[in-house]
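Residue numbering for the sequence shown follows full-length UniProt numbering, beginning at 1 and increasing consecutively. Glycine included, every Cβ here is placed at the ideal spot set by N, Cα and C. These figures come from a predicted structure and were not determined experimentally.
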Amino acid sequence: MDAYLESPEKFEAIKQDLVDEMWKVAQRELATGFYYGTPSENEQLFGARRKIPEYKFVAEVVSYDDAAQTATIRQRNVINEGDQVEFYGPGFRHFETYIEDLHDAKGNKIDRAPNPMELLTI
1 MDAYLESPEK FEAIKQDLVD EMWKVAQREL ATGFYYGTPS ENEQLFGARR
51 KIPEYKFVAE VVSYDDAAQT ATIRQRNVIN EGDQVEFYGP GFRHFETYIE
101 DLHDAKGNKI DRAPNPMELL TI
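#1: Classify residue 124 as helix, strand or coil using the three-state DSSP reduction.
#2: I'd like to confirm the pairing. Which residues does DSSP put opposite Asp104 in its beta bridges?
#3: Helix, strand or coil, according to DSSP, for Tyr4 in the structure here?
#4: Cβ of Leu102 within 8 Å of Cβ of Leu120?
#5: For my contact list, Phe57 and Asn77 are in at a C-beta cut-off of 8 Å; report their separation, rounded to the angstrom.
#6: In this structure, how does DSSP classify Ile14 when only helix, strand and coil are distinguished?
#7: Measuring only the C-alpha atoms, how far is Gln84 from Thr38?
#8: Do Ile99 and Asn115 count as a contact pair if the criterion is CB distance below 8 Å?
#9: Where does Ala113 land, buried or exposed, given buried means 16+ other C-beta within 10 angstroms?
#10: Go ahead and label Ser68 buried or exposed: buried means 16 or more other beta carbons lie within 10 angstroms of its beta carbon, across all protein chains shown.
#11: How is the beta strand (DSSP E) around Ser65 delimited, first residue to last?
#12: CB-CB under 7 Å to Tyr88, same chain, minus the five flanking residues each way: which ones, in chain order?
Written out as structure tokens, the structure reads:
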């Protein structure tokens, strides 16, 4: 929505990229729901998934120390040392890397973080 409000022309140029990003984590087909009126039985989406998601949302970056090149993240799903992750954010910038040097909130090095909402450092 921000991209469209900023520039409808710019939005059209990146629209497919945005759709592709949403499908990385989509669990089922999408519909307009009741936006245009009451949906009929033909608009119900109870069928099979379009595809199995290849990605899952694992954490939110809450701070970044540029000098130390470490990020503090709030975990949402299980994270393991060695997991491949993709960072994205404002301006639609992407950065792919592997989880290395994973630490819990107390600074202890860990190999696996199984509990949601923990603050971790990578």
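On the basis of the data shown:
#1: No answer is possible for residue 124: it lies beyond the span of the chain, which begins at 1 and ends at 122.
#2: Along the sequence shown, read from residue 1 onward, the residue named residue 104 stands at position 104. BP columns for Asp104 are empty, so no partner.
#3: Translated into the one-based positions of the sequence shown, residue 4 becomes position 4. Tyr4 falls in the helix class under three-state DSSP.
#4: Counting from 1 along the sequence shown, the entry for residue 102 is found at position 102. Counting from 1 along the sequence shown, the entry for residue 120 is found at position 120. Using a Cβ distance threshold of 8 Å, Leu102 and Leu120 count as a contacting pair.
#5: Position 57 of the sequence shown, counted from the first residue, corresponds to residue 57. Position 77 of the sequence shown, counted from the first residue, corresponds to residue 77. Contact flag correct, Cβ pair sits at about 7 Å.
#6: Within the sequence shown, residue 14 is the residue found at index 14, counting from 1. Note: Ile14 maps to helix in three-state DSSP.
#7: As a first step, residue 84 must be located in the sequence shown, where it is residue number 84. As a first step, residue 38 must be located in the sequence shown, where it is residue number 38. Near 42 Å, if we compare the C-alpha coordinates of Thr38 and Gln84.
#8: Here the question's residue 115 lines up with position 115 in the sequence shown. Here the question's residue 99 lines up with position 99 in the sequence shown. By the CB criterion at 8 Å, Asn115 and Ile99 fall outside the cutoff.
#9: Taking the sequence shown and counting its residues from 1, the one referred to as residue 113 is at position 113. Buried, since its Cβ has 16 or more Cβ neighbours within 10 Å.
#10: Position 68 of the sequence shown, counted from the start, is the residue given in the question as residue 68. Reading off the sequence, residue 68 comes out as Ala, not Ser. By the neighbour-count rule (16 or more Cβ atoms within 10 Å), Ala68 is not buried but exposed.
#11: Counting from one through the sequence shown, the residue named residue 65 turns up at place 65. Looking at the sequence shown, residue 65 is not Ser but Asp. Here the beta strand (DSSP E) through Asp65 covers Ala59 to Asp65.
#12: By 1-based counting over the sequence shown, the position of residue 88 is 88. Closer than 7 Å at Cβ, skipping near neighbours: His94.
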